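Enquirer:
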Ligand code: DI6
Ligand code: FE
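Residue numbers (our numbering): 69 to 476.
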């Protein structure tokens with residue numbers, strides 16, 4: 069395997085339980101897809117340097133782990149700009165959903181789109197995320213809502229990782245909304261979702277299972293049935309929990325050892341305690357909070373005090389978070405949710421890896437043995453990248469020890 073030497077970067081490794089893991093004027097040695105060595109440039113062992121086939125001068129750039137966007141709905145067709153206008157005129161997200169718009173309108177557009185259209189859309193979005201340093205991405209289904217259309221969307225998500233140099237984890241979100249053909253028959257739809265699951269998993273399309281537990285989504289009892297089906301297949305679960313109301317979904321998800329509970333604006337003390345016990349990650353989504361003009365803040369202080377790891381994600385989707393900027397999400401997590409810049413970075417690196425069950429595979433931090441996924445930035449320190457917004461500071465992206473083309 070080829071050994072490469074990357075010299076003169078200022079590295080935030082996030083390899084310890086706290087702090088930036090800051091290494092000034094550091095060198096990184098990669099072997100194949102892994103990091104072999106990281107430390108001060110002047111301490112670089114000569115025998116290692118001698119093995120390198122290539123030496124790259126990072127020129128004093130700031131280096132961080134590649135970003136991990138651990139919650140996206142990247143595969144869909146159409147857009148919801150008209151719905152945005154309606155909401156600005158006073159209609160609420162829930163009213164639009166109950167009137168048959170919202171998620172259902174994206175489902176109609178997604179069902180009508182052919183596979184190549186869906187793939188081109190998803191690839192364009194993934195490239196935009198890569199241009200901001202993303203090397204690992206979670207993609208949920210949930211705009212197909214039939215066995216055939218969910219399979220199509222999950223297959224497109226898998227294709228993204230074949231076409232682009234990016235790691236993709238797929239999540240089956242059949243229980244996202246009730247499709248029109250099941251109107252008034254939510255329990256029958258949940259039965260169908262549970263019946264599709266082993267077949268989709270058998271096709272290798274499912275890494276985890278998610279549901280939207282909400283007044284306009286599925287009840288805790290229905291969510292439990294989805295989770296039981298996942299558990300029977302040995303699949304980990306995650307949950308869209310307490311986004312618009314407190315359904316105590318996080319308590320339920322924790323009972324199933326959920327990897328993460330996401331959104332969490334209305335999370336109560338019971339949910340915080342249950343997540344802490346289960347070791348579930350809290351994935352905060354400032355894009356949806358902002359775009360839906362929410363005012364109820366997630367209980368960050370309580371989550372922090374309970375030791376629940378905090379992650380962040382774009383939640384990219386056409387209805388509630390049409391953003392493709394992880395750096396803007398970090399900035400908003402600080403300004404809106406009062407995270408520290410260090411917490412924001414951990415949220416898109418180490419803790420995001422944990423929310424996807426990828427920590428053991430060396431994603432999300434930089435240390436010997438970890439994946440050689442890293443980004444070089446035009447900044448003196450990562451906190452500058454959280455402070456600025458709407459800028460384009462990425463200089464280079466390295467994934468699996470190789471430079472990736474990030475023009476898009
Ligand atoms: N919560 C969300 O914010 C997204 N899905 C969910 O369960 C929104 C999806 C959409 O509006 O299309
Ligand atoms: Fe979401």
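For each residue, glycine too, the CB sits at the ideal point set by N, CA and C.
Here the structure is a predicted model, which is why all the values come from computation and not from measurement.
(1) Here's a check: name, in chain order, each residue in its chain whose Cβ is nearer than 6 Å to the Cβ of residue 217, leaving out the five neighbours to either side.
(2) Let me confirm a value: residue 343 is counted as buried when at least 16 other C-beta atoms fall within 10 Å, else exposed. Which label applies?
(3) At a threshold of 6 Å, does residue 385 count as lining the ligand DI6 (C-beta to nearest heavy atom)?
(4) At which residues does the alpha helix (DSSP H) containing residue 405 begin and terminate?
(5) When burial is assigned at 16 or more other CB atoms within 10 Å of the CB, is residue 182 buried or exposed?
(6) So what's residue 336 in DSSP terms, helix, strand or just coil?
(7) What residue range does the beta strand (DSSP E) around residue 464 cover?
(8) Buried or exposed: where does residue 210 fall if 16 or more other Cβ atoms within 10 Å of its Cβ makes it buried?
(9) To the nearest angstrom, how far is the alpha carbon of residue 262 from that of residue 443?
(10) In or out: residue 422 buried (at least 16 other Cβ within 10 Å) or exposed?
(11) Would you mind reading off the limits of the alpha helix (DSSP H) that contains residue 115?
(12) Since residue 183 is in the alpha helix (DSSP H), which residue starts that stretch and which ends it?
(13) If residue 353 sits next to residue 383, beta carbons under 8 Å apart, how far is it from one beta carbon to the other, in whole angstroms?
(14) Quick one: residues in its chain with C-beta nearer than 8 Å to the C-beta of residue 161, no 5 flanking neighbours on either side, listed in chain order?
(15) Within the same chain, show all residues whose beta-carbon is closer than 7 Å to that of residue 126, passing over the 5 residues directly before and after it, in chain order.
(16) How about residue 215 and residue 264: are their beta carbons less than 7 Å apart?
(17) Out of 280, 341, 121 and 202, state which residue places its alpha-carbon closest to the alpha-carbon of residue 473.
(18) Measuring alpha carbon to alpha carbon, tell me which residue in 448, 409, 381 and 184 is nearest residue 140.
(19) If we ignore side chains and look at the alpha-carbon of each, how far apart do residue 174 and residue 375 end up?
(20) Could you check what DSSP says for residue 236 in three-state terms: helix, strand or coil?
(21) Considering only heavy atoms of the ligand DI6, does any lie closer than 6 Å to the CB of residue 477?
(22) Using the Cβ count rule (16 or more neighbours within 10 Å means buried), how would you classify residue 403?
(23) In whole angstroms, give me the CA-to-CA distance for residue 187 and residue 118.
(24) Between the beta-carbon of residue 379 and the beta-carbon of residue 349, is there less than 7 Å?
(25) How would you call residue 247, buried or exposed, if buried means at least 16 neighbouring beta carbons within 10 angstroms?
(26) Compute every distance between the C-beta of residue 239 and the non-hydrogen atoms of the ligand DI6, then say whether any falls below 6 Å.
(27) Looking at C-alpha atoms only, which residue of 413, 136, 157 and 425 is the closest neighbour of residue 449?
(28) Hey, quick one: how far does the beta strand (DSSP E) through residue 484 stretch, first residue to last?
(29) Would you kindly report the start and end of the unbroken beta strand (DSSP E) that includes residue 217?
(30) Run the proximity test for residue 139: is its beta-carbon closer than 6 Å to any non-hydrogen atom belonging to the ligand DI6?
(31) Taking only three categories from DSSP, how would you classify residue 383?
(32) Measuring alpha carbon to alpha carbon, tell me which of 331, 371 and 347 ends up nearest residue 358.
(33) Could you give the distance in angstroms between the alpha-carbon of residue 429 and the alpha-carbon of residue 465?
(34) Count the CB pairs spanning the region 252-261 and the region 285-303 that are closer than 8 Å, and state whether there are at least three.
(35) Can you tell me which residues form a DSSP beta bridge with residue 280?
(36) What separation, rounded to the nearest whole angstrom, lies between the Cα atoms of residue 97 and residue 440?
Expert: Let me lay it out:
(1) Here residue 217 is taken as the residue at index 149 of the chain shown, counted from 1. So the qualifying residues of the chain are 179.
(2) Residue 343 sits at position 275 when you count from the first residue of the chain shown. Residue 343 comes out buried.
(3) Taking the first residue of the chain shown as 1, we reach residue 385 at position 317. Within the cutoff, so yes.
(4) Stepping through the chain shown from its first residue, residue 405 is reached at position 337. Residues 394-405.
(5) Residue mapping note: residue 182 aligns to position 114 of the chain shown, counting from 1. Result: exposed.
(6) To locate residue 336, count along the chain shown from 1; it is residue 268. Residue state for residue 336 is assigned as coil, using DSSP reduced to three classes.
(7) Position 396 of the chain shown holds residue 464. Taken as a continuous stretch (DSSP letters only), the beta strand (DSSP E) holding residue 464 covers 462-467.
(8) By one-based count along the chain shown, residue 210 stands at place 142. Residue 210 comes out buried.
(9) To locate residue 262, count along the chain shown from 1; it is residue 194. To locate residue 443, count along the chain shown from 1; it is residue 375. Looking at the two C-alpha atoms, the distance is approximately 40 Å.
(10) Here residue 422 refers to the residue found at position 354 of the chain shown. Buried: at least 16 other Cβ atoms inside 10 Å.
(11) The residue labelled residue 115 in the question sits at position 47 within the chain shown. Run containing residue 115: 114-119, per the alpha helix (DSSP H) assignment.
(12) Mapped onto the chain shown, residue 183 falls at position 115. Segment 183-198, the alpha helix (DSSP H) holding residue 183.
(13) Working through the chain shown from its first residue, we reach residue 353 at position 285. Working through the chain shown from its first residue, we reach residue 383 at position 315. The pair is a contact, with the Cβ atoms about 4 Å apart (cut-off 8 Å).
(14) By 1-based counting over the chain shown, the position of residue 161 is 93. Excluding residues within five positions, the ones whose Cβ falls inside 8 Å are 155, 170, 312, 360, 387 and 388.
(15) The residue given as residue 126 occupies position 58 in the chain shown. Taken in chain order, the residues that qualify are 74, 75, 76, 77 and 444.
(16) Against the chain shown, residue 215 aligns to sequence position 147. Against the chain shown, residue 264 aligns to sequence position 196. Contact: yes.
(17) Reading the chain shown from its first residue, position 405 is the one you call residue 473. Among 280, 341, 121 and 202, the Cα nearest to that of residue 473 belongs to 202.
(18) Position 72 of the chain shown holds residue 140. Nearest of 448, 409, 381 and 184 to residue 140, Cα basis: 381.
(19) On the chain shown, position 106 is the one that residue 174 refers to. On the chain shown, position 307 is the one that residue 375 refers to. Roughly 37 Å between the two C-alpha positions.
(20) Taking the chain shown and counting its residues from 1, the one referred to as residue 236 is at position 168. In the structure shown, residue 236 sits in a strand (DSSP, three-state: E or B).
(21) Outside the modelled stretch of the chain, which goes from 69 to 476, sits residue 477, for which no answer is possible.
(22) The sequence position of residue 403 within the chain shown is 335, counting from 1. With fewer than 16 other Cβ atoms within 10 Å, it is exposed.
(23) Position 119 of the chain shown, counted from the start, is the residue given in the question as residue 187. Position 50 of the chain shown, counted from the start, is the residue given in the question as residue 118. Looking at the two C-alpha atoms, the distance is approximately 43 Å.
(24) Along the chain shown, read from residue 1 onward, the residue named residue 379 stands at position 311. Along the chain shown, read from residue 1 onward, the residue named residue 349 stands at position 281. Yes, the pair counts as a contact, with Cβ atoms nearer than the cut-off.
(25) Along the chain shown, one-based indexing puts residue 247 at 179. Result: buried.
(26) The residue labelled residue 239 in the question sits at position 171 within the chain shown. Not so, every heavy atom of the ligand DI6 lies at least 6 Å from the Cβ.
(27) Position 381 of the chain shown, counted from the start, is the residue given in the question as residue 449. Selection 413, 136, 157 and 425 evaluated against residue 449 yields 413 as nearest (Cα-Cα).
(28) This structure gives no information on residue 484, because the portion of the chain shown stretches from 69 to 476.
(29) To locate residue 217, count along the chain shown from 1; it is residue 149. Residue 217 -> not in any beta strand (DSSP E); alpha helix (DSSP H) instead, spanning 215-231.
(30) Here residue 139 refers to the residue found at position 71 of the chain shown. Flag unset: Cβ of residue 139 not near the ligand DI6.
(31) Position 315 of the chain shown, counted from the start, is the residue given in the question as residue 383. Here residue 383 sits in coil by DSSP.
(32) As a first step, residue 358 must be located in the chain shown, where it is residue number 290. Selected option, being the one with the closest Cα: 331.
(33) Working through the chain shown from its first residue, we reach residue 429 at position 361. Working through the chain shown from its first residue, we reach residue 465 at position 397. Answer to the nearest angstrom: the Cα atoms are 19 Å apart.
(34) With the cut-off at 8 Å, the region 252-261 and the region 285-303 touch.
(35) The residue labelled residue 280 in the question sits at position 212 within the chain shown. The partner list for residue 280 (beta bridge, DSSP) reads 308.
(36) For the purposes of this step, residue 97 is taken as the residue at position 29 of the chain shown. For the purposes of this step, residue 440 is taken as the residue at position 372 of the chain shown. If you take the alpha carbons of residue 97 and residue 440, they lie about 9 Å apart.
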